[in-house]
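Here is the structure we will look at.
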Amino acid sequence: MADDGRFSSVSVERKPASAMAWDPKPSESHFQIFLALFVFFILGPLPSASAATALSDVTALHELREAWNATLGLAQNWTWGSDPCWNHWEGVSCFEETVVSLRLDVRGLVGAFSPSIGKLKNLQYLNLANNPGLTGPISEEIGQLSRLYALDLSHNNFGGPFPEFLLKLPVIKRLNLSFNQLTGVLDGGVRTFGHVNIFLIKNNISAVVNLPSPFINPELRGNPVCEDQSSHFPDICSYSGIIPKEILWQQKMSCSTVCDQNSVVHPGTCACYYPYICNMYFGWSPSYGFDETRIDNLRRALASGLKISFENLWIENATYWNISERQLLAKVIFYPASPSRLWDRSQVNDIKSKLIGKTIRLEGYDPYGLIASTLQTAPSNTGTFGGVVAIVALSGVVLCINLRRRPRPPRIDNALGIFDLDLEHYPSCLFLYDELRVSTRNFNRGNKIGEGTFGAVYKGTMVDGSEVAVKELPPNIKQGNQEFLNEVQLISGLQHKNLVKLRGCAISGKNRLLAFEYVENRSLHQALFDPVKALLLEWPIRYNIALGMAKGLACLHSQSPERLAHGDIKANNILLDRHLEPKIADFGLARMCQNNERRVVVHIEGKRLAIVLYFDCIR
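As numbered in our numbering, the sequence shown has no gaps in its residue numbers, which increase by one up to the final residue, 602.
In C-alpha cells form, the structure reads like this:
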C-alpha cells in the first residue's frame, strides 16, 4: 500500500468481510483511508445519542453568567450557540441532557446569589467557593433543588440569617457555608430526617437550639456562639472528626485578578506570576487544628530552609492525607521575585533536591516529602514552546494540543514515590488512594467494566458525583510498572478529543491506580460482539468512528513532540462516549521514538486482522 511518507511499509492480513459503499472525500490521504478501512472491518453499530442540553438548563446557565458579571471568570465557551453538555462547558457536568454538577469555585464571580440556580432541577452538586465578590443572602430558590446532595459556598461574602431552607433539602448530605457572614440562630429541629454535615466555621451565628440532633452534625468554630459559650457546646465548637478535605484550610483570596491559563494570582500582590508549584505531605496531628498562625509558621520554616523570601512562598490549601499516619497534604506555591521574572531550571532543581533529600529542618512537621511538582511557564509567541497545533485530518480541522513542550520526563523514582507530573493542566492530578478505592466501592465486582493489558478497570463515582474509570495495576508485575510510567508520562501532556484523558493517579506502597475520564458506551469490542449488548451500527456512524480514530492516531504519530506509536490498537482499546465519539485508550504498550532511533516496529494483533507497522521516527 502506498503511504504518506510516515510509514515505509505495511503488511496486512485480514479475514474477508462484505464491502460497503461509502465514498470518502478524494482529498484524504492514503494513510487516513487505510485507517478508515482498518476500523471498517472491526466496527459494529450503536444507536445515535442526543446531543442537546435541556433548554431550561441552557437558559439558566446563561442567566447565571449575566447575573454574576463573570465573563472573564467563566470559560470562553459559555456562549450562545454552543451546547453546555455537548461542548463540555467548563465547570459543567451532565448526565444525558441535564446538568447535574456545577463547579464554579475561584472564578471571580461578582453579584448576588442568583435565583436562576433553582431552574437546574437535576443539579446534584454545586460549588461556588472562593468567590468573595458573591454577596447578599442565599436565594431561597436553591430550596427547589430536590436532588442536591452537596453544596459548597465557603469563602464568599454571603450574609443574612442562616438559610434554614437548606436543612429541608431531601437528599442533602453536606453543607459547607464556612467563612461567610451568616447570622442568627442554627435550629437543629428544622431537620427531621436524613443525616447532614454542616460546616459554618467563622460566620456570625450567635445561638443554637435543639442541639444535639440525630440529623445534624454541625461545626461552628469561630462563631460568637462558641466564643461566648464554648464550654456548653464542646461537640460543635471543637470538631474532632475527619474534616472533609476542602474544609481543613484554604487560602482566602481577596483578589479579583483573572490570569491566563498558565499564570497564578499572588495572594499578596494580586498580580499574575508563573510560579513553581509543589504538592507536599507533612506530619500533622488533627488535634492541632490549622489556622493562619500555623500556616505562617510552616511557611517561615520552609522559606528559611530553602533560603527564599517568606512573601513569595504561600500555601494554597491543606487537606488530611492519611489520618492513621497523622499526615496532611498541602499545595505549596513558590513565586518568583516579580511578575516579569521566571524561575530557571537550576533554581527549581535546587528547591526540588532539598525537598526530596529532606535536607531542611521542619520541626513539628516531620515527616515531610515532595509528592509532585510543576513549573508554570509563560506562553510562547513564537510557537516553539508548546501550544496548539492545528492539523487537517480527513474531512475537517482537529486540534492536537501538546500542553507543554519539554525534555523527555525524567525517570520516576518508585522507591521514593516522587512523580514529576504535568499538574498545571491537572490541578488534582494526584488523587488519594483511598479516595479512588472508595469510589469503586472497594473494587467491587459490580463496578468492574473491563480488563486492560495489565489490570482491571472499574467505574468510580467521586464525592462530587463525577465519574471516573479506575485502572488497578497489579503490585508485583514488572510490566505493570512500565505501563504506569507510560500512561502517566506519555499522555499526561496530550489533549485530543479522540484520546482518553488521564485525570490522575494514586499510589499507596506498591499499589498503583490510574484514573481516566469515564466513557459511557465502553469498548467497541463489547458493542460489536457482546451476546447481550451487541448493537447495530449505521454505516455513516461507522465511517465517523473511523475518522475519529484516524485523527487520534495522527495526533500521536505526527503532532506530539515525542512521536508515539500506540502499539495495541484493537476494538477493546477503542471506547465510545455517549455521542459515539471514539477515544483511543490503554497506552501501556506505547512506544516513543528515542534519540537515535530511526524506526519503531509495532506488531498489532487482532481477531480480524494482523498488522506490522514500520513507524519512521525521522520527520
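Glycine included, every Cβ here is placed at the ideal spot set by N, Cα and C.
Worksheet item: Taking only runs of the alpha helix (DSSP H) that begin and end inside the region 126 to 213, which ones reach a length of at least 4 residues, in chain order?
Response: The qualifying runs are 207 to 212.
Fill in: Chain-order list of residues whose beta-carbon lies under 7 Å from that of Gly98 (same chain, five-residue window excluded)
The residue given as residue 98 occupies position 115 in the sequence shown. Checking the sequence, you will find Pro at residue 98 rather than Gly. Answer for Pro98: Ser122, Glu124, listed in chain order.
Fill in: Rounded straight-line distance, which links the Cα of Gly448 to that of Val315
Walking along the sequence shown from the start, residue 315 turns up at place 332. Walking along the sequence shown from the start, residue 448 turns up at place 465. When rounded, the separation of the alpha-carbon atoms in Val315 and Gly448 is 27 Å.
Worksheet item: Cβ atoms of Gly94 and Leu117: under 8 Å apart, would you say?
Response: Sequence index remark: in the sequence shown, residue 117 carries index 134 (1-based). Sequence index remark: in the sequence shown, residue 94 carries index 111 (1-based). Yes.
Practice prompt. Count the other CB atoms, across all protein chains shown, that sit within 10 Å of the CB of Thr423; report buried if there are 16 or more and exposed otherwise.
Written response: Residue numbering aside, residue 423 sits at position 440 when the sequence shown is read from its first letter. Buried: at least 16 other Cβ atoms inside 10 Å.
Worksheet item: Is it buried or exposed for Lys454, if we count other Cβ within 10 angstroms and need 16 for buried?
Response: On the sequence shown, residue 454 is found 471 positions in, with the first residue counted as 1. Within 10 angstroms of the beta-carbon of Lys454 lie 16 or more other beta-carbons, which makes it buried.
Discussion item. Which residue wins for smallest C-alpha separation from Cys220, given the options Asn200, Cys238, Ser239?
Written reply: Translated into the one-based positions of the sequence shown, residue 220 becomes position 237. For Cys220, the closest of Asn200, Cys238, Ser239 by C-alpha to C-alpha distance is Asn200.
Discussion item. Tell me the rounded alpha-carbon separation between Cys488 and Ile432.
Written reply: By one-based count along the sequence shown, residue 488 stands at place 505. By one-based count along the sequence shown, residue 432 stands at place 449. Between Cys488 and Ile432, the C-alpha separation is close to 18 Å.
Worksheet entry | C-beta contact flag for Ala190 and Val173 at 8 Å | Against the sequence shown, residue 190 aligns to sequence position 207. Against the sequence shown, residue 173 aligns to sequence position 190. Taking 8 Å as the Cβ cut-off, Ala190 and Val173 do not qualify as a contacting pair.
Worksheet item: In or out: Ser137 buried (at least 16 other Cβ within 10 Å) or exposed?
Response: The sequence position of residue 137 within the sequence shown is 154, counting from 1. When all chains shown are included, Ser137 counts as buried.
Worksheet item: Does DSSP classify Phe512 as helix, strand or coil?
Response: As a first step, residue 512 must be located in the sequence shown, where it is residue number 529. Helix.
Worksheet item: Can Arg505 and Leu419 be called in contact, C-beta distance under 8 Å?
Response: As a working mapping, residue 505 is identified with position 522 in the sequence shown. As a working mapping, residue 419 is identified with position 436 in the sequence shown. Contact: no.
Worksheet item: Closest by CA to His562, which one among Asn193, Glu503, Pro458, Glu147?
Response: Stepping through the sequence shown from its first residue, residue 562 is reached at position 579. His562 has its Cα closest to that of Glu503, out of Asn193, Glu503, Pro458, Glu147.
Worksheet item: Should Asn481 and Ile567 be called a contact, given that it needs their Cβ atoms to be closer than 8 Å?
Response: The count along the sequence shown starts at 1 and reaches residue 481 at position 498. The count along the sequence shown starts at 1 and reaches residue 567 at position 584. Annotated as proximal: Asn481 and Ile567, with beta-carbon spacing under 8 Å.
Fill in: Residue range of the alpha helix (DSSP H) that includes Arg529
For this step, residue 529 is matched to residue 546 along the sequence shown. According to the sequence displayed, residue 529 carries Ala and not Arg. Where Ala529 is concerned, the enclosing alpha helix (DSSP H) stretches over 522 to 537.
Discussion item. Considering only the alpha carbon of each residue, which of Arg328, His71, Val89 lies closest to Val83?
Written reply: Here residue 83 is taken as the residue at index 100 of the sequence shown, counted from 1. Checked all of Arg328, His71, Val89; the closest Cα to Val83 is His71.
Discussion item. If distances are taken between C-alpha atoms only, which option among Leu203, Gly91, Leu109 comes closest to Pro115?
Written reply: The residue labelled residue 115 in the question sits at position 132 within the sequence shown. Considering only alpha carbons, the answer is Gly91.
Worksheet item: Cβ atoms of Leu289 and Lys341: under 8 Å apart, would you say?
Response: Here residue 341 corresponds to residue number 358 of the sequence shown, with the count starting at 1. Here residue 289 corresponds to residue number 306 of the sequence shown, with the count starting at 1. Taking the C-beta atoms as reference points, Leu289 is found no nearer than 8 Å to Lys341.
Worksheet item: Taking 8 Å as the CB-CB cut-off, is Ser97 touching chain C?
Response: Checking the listed chains, one finds no chain C in this structure; it contains a single protein chain.
Discussion item. Considering only the alpha carbon of each residue, which of Tyr416, Asn494, Leu353 lies closest to Gly438?
Written reply: In the sequence shown, the residue the question calls residue 438 occupies position 455. Ranked by Cα distance from Gly438, the first of Tyr416, Asn494, Leu353 is Asn494.
Worksheet item: Where does the unbroken alpha helix (DSSP H) through Ser76 begin, and where does it stop?
Response: Working through the sequence shown from its first residue, we reach residue 76 at position 93. That residue, Ser76, is in no alpha helix (DSSP H); its beta strand (DSSP E) goes 75 to 78.
Worksheet item: How many Å lie between Glu46 and Gln107 at the Cα?
Response: Within the sequence shown, the letter at position 63 stands for residue 46. Within the sequence shown, the letter at position 124 stands for residue 107. Rounded to the nearest whole angstrom, the C-alpha separation of Glu46 and Gln107 is 19 Å.
Worksheet item: Quick one, which of Leu194, His178, Leu165, Gly171 has its alpha-carbon nearest Asn187's?
Response: In the sequence shown, the residue the question calls residue 187 occupies position 204. The residue among Leu194, His178, Leu165, Gly171 with its C-alpha nearest the C-alpha of Asn187 is Leu165.
Fill in: Delimiting residues of the alpha helix (DSSP H) encompassing Leu47
Position 64 of the sequence shown, counting from 1, holds the residue named residue 47. Counted as a single uninterrupted DSSP element, the alpha helix (DSSP H) harbouring Leu47 occupies residues 38 to 50.
Worksheet entry | C-alpha distance - Thr66 paired with Tyr501, whole-angstrom precision | Translated into positions along the sequence shown, residue 66 becomes position 83. Translated into positions along the sequence shown, residue 501 becomes position 518. Correcting the residue type first, residue 66 is Asp in the shown sequence and not Thr. Each residue's alpha carbon lies about 20 Å from the other.
Discussion item. On the CB-based measure, 16 or more other CB atoms within 10 Å of its CB, does Val241 come out buried or exposed?
Written reply: Here residue 241 is taken as the residue at index 258 of the sequence shown, counted from 1. Exposed, by the Cβ-count rule.
Worksheet item: For Phe414, which of helix, strand or coil comes out of DSSP?
Response: As a first step, residue 414 must be located in the sequence shown, where it is residue number 431. Coil at Phe414, not helix or strand.
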